[in-house]
Amino acid sequence: MARIDLVDLAHSYGGNDAPPASFALKPVTMTWRQGGAYALLGPSGCGKTTLLNLISGIVTPSRGKILFDGADITQATTQKRNIAQVFQFPVIYDTMTVGENLAFPLKNRGVPAADIAARVRQIADLLDLTPYLNRKATRLTADAKQKISLGRGLVRSDVAAVLFDEPLTVIDPELKWQLRSKLKALHRELDLTMIYVTHDQTEALTFADTVVVMHDGRVVQSGTPAELFDKPAHTFVGYFIGSPGMNIVPAQVSGREARIDGHIIALKRSYNGLAPGVRIEIGVRPEFVDIAAPAPGLLAADIERIDDLGRVRFARVRVGDAKLAARVPPGFSPAGSGVSLVFDPAHVHVYADSLLVEGAS
Ligand code: ATP
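Per our numbering: the sequence shown = residues 60 to 420.
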């Protein structure tokens, strides 16, 4: 296990002289804690695999440094970095048994036979592979083969980190759900640094203690699932995480007031001196906007539809040109399409050019 530091790390597949905006990974400085469970989350093409491959050494960065426990390994080979990696599709030897597949990474490193046997038993147990240990891998289902791949990634206890690149893509939906929780339990049991790449927020939030969100080649926020939900540092995090995502609405903001469509919304913090020329928006999660009967002094909105999600109902509403999602309080039935919106000031955030503005208390 190792602490991993990225220092001003950046990568362009077009070489170091490419325009900064075209870099697949824009400069990032951050630390991955020893023993942490991380998810690297973002949409397709945002740079997740690039960052993972820079850490494993499959790709050499255009700029910056990577340190493992303080030692500079930027130019070191994948082999030297001592990383285990699990890919989207199973990487196993069909001609070997399940047990031999699991033992292979340990045999390769010259681990004593008794230690190999004990560790293979432990990993097979954790992944429910014990009944298959003597079966040839070739006859197993795609799900079982990917479990073996996971096992091979987890079997060594001396790796700097285990990297997973969308490892549950080929897994059947029901088993996917089980394996997601299992991986979290495995992390607790095995005490390894794990980085899990996914575009699926449920997978990321189930597995990770810390979720690192990427957008357009940039790490835009790194935090606990609760931090990402409560205080998105970037509007992208607001609407990418949560279902429905955060409402992001253009507004004029000064002091403790935001103005939308001529109506004033109270803010918990004070915002003075916002730079002129920047795009100001407010962000508020649908969970913190309630619809209510039309009333003077409240922001008027028109309901377009109501989505009943079982335990909670969300209304899709329109305010001028803006579309928002708002909670329908339990027991409330709107009389018509005209309603009011009630915001919880403690959960209304202000963004300048997509970045969170802290405000003053
Ligand atoms: P996905 O989930 O689709 O794999 P990702 O978030 O992992 O996406 P990357 O694969 O890191 O994203 O890609 C980031 C950007 O770099 C994309 O614009 C992609 O087209 C580009 N890219 C990735 N690999 C290469 C390569 N070998 N050569 C040139 N461009 C590449």
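Cβ atoms here follow ideal geometry from the backbone N, Cα and C, with glycine treated the same way.
Exercise. Would you call the segment 149-166 and the segment 200-209 in contact, with 3 or more CB pairs under 8 Å?
Worked result: yes
Exercise. What are the boundary residues of the alpha helix (DSSP H) that includes residue 262?
Worked result: 260-266
For this session: Report the option in 338, 412, 219 and 231 whose CA atom is closest to the CA atom of residue 138.
Result: 219
Exercise. Hey, out of 146, 125, 150 and 148, whose CA is closest to residue 140's CA?
Worked result: 125
Problem set entry | Identity of the residues DSSP links to residue 220 by a beta bridge | 142
Exercise. How would you label residue 121, buried or exposed, when you count the other beta carbons within 10 angstroms and need 16 or more for buried?
Worked result: buried
For this session: When you get a sec, list the residues whose CB is within less than 6 Å of any heavy atom of the ligand PLP, chain order please.
Result: Judged by which ligands are present, the ligand PLP is missing from the structure shown, whose ligands are the ligand ATP.
Exercise. What whole-angstrom Cβ distance do residue 295 and residue 413 have, given they're in contact under 8 Å?
Worked result: 7 Å
Exercise. Any contact of the segment 267-287 with the segment 113-120, i.e. 3+ C-beta pairs under 8 Å?
Worked result: no
Exercise. With respect to the alpha helix (DSSP H) encompassing residue 232, which residues constitute its N-terminal and C-terminal limits?
Worked result: 232-249
Exercise. Can you tell which of 101, 217 and 179 has its C-alpha closest to the C-alpha of residue 93?
Worked result: 217
Problem set entry | Residue nearest to residue 98 in terms of C-alpha spacing, selected from 181, 148 and 259 | 259
Exercise. Should residue 60 go down as buried or exposed, given a rule of 16 or more other Cβ atoms within 10 Å for buried?
Worked result: buried
For this session: Grab me the residues of residue 345's own chain with a C-beta within less than 7 Å of its C-beta, minus the 5 sequence neighbours each way, in chain order.
Result: 303, 306, 373, 384, 385 and 386
Exercise. For residue 246, which option in 355, 212, 136 and 349 has the closest C-alpha, if you only look at C-alpha atoms?
Worked result: 212
Exercise. So, helix, strand or coil for residue 280, using DSSP?
Worked result: strand
Exercise. Are the CB atoms of residue 215 and residue 164 nearer to each other than 8 Å?
Worked result: yes
Problem set entry | residue 331, enclosing alpha helix (DSSP H) - first and last residue | Run containing residue 331: none; DSSP gives neither H nor E here.
Problem set entry | Cβ-based neighbour list, residue 89, same chain, cut-off 6 Å, excluding 5 preceding and 5 following | 65
Exercise. How many whole angstroms separate the CB atoms of residue 422 and residue 69, which I take to be in contact at a CB cut-off of 8 Å?
Worked result: One cannot answer for residue 422 here, as it falls past the ends of the chain, which runs 60 to 420.
For this session: Answer yes or no: do residue 409 and residue 395 have a C-beta to C-beta separation smaller than 8 Å?
Result: no
For this session: Go through the segment 99-172 residue by residue and report every complete run of the alpha helix (DSSP H) that reaches 4 residues or more, in order.
Result: 107-115, 137-140 and 157-167
Problem set entry | Collapsed DSSP secondary structure at residue 392 in the structure displayed | coil
For this session: Could you tell me which residues DSSP pairs with residue 311 in its beta bridges?
Result: 318
For this session: Could you tell me the distance, in whole angstroms, from the CA atom of residue 127 to the CA atom of residue 210?
Result: 24 Å
Problem set entry | Burial state of residue 369 (16 or more Cβ within 10 Å) | exposed
Exercise. CB-CB under 8 Å to residue 279, same chain, minus the five flanking residues each way: which ones, in chain order?
Worked result: 272, 273, 292, 293, 295 and 296
For this session: Please confirm if the segment 343-360 is in contact with the segment 400-407, defined as three or more CB-CB distances below 8 Å between the two stretches.
Result: yes
For this session: Please name the residue or residues paired with residue 340 in a DSSP beta bridge.
Result: 309 and 410
Problem set entry | Limits of the beta strand (DSSP E) - the one that residue 349 falls within | 348-351
For this session: List the whole-angstrom C-beta distance separating residue 326 from residue 318, where the pair is believed to meet the contact cut-off of C-beta under 8 Å.
Result: About 11 Å; that fails the 8 Å criterion.
Problem set entry | Within 8 Å, strictly: CB atoms of residue 147 and residue 228 | yes
For this session: Would you mind giving the Cβ-Cβ distance between residue 330 and residue 308, rounded to the nearest angstrom? I have them listed as a contact below 8 Å.
Result: Contact flag wrong, Cβ pair sits at about 15 Å.
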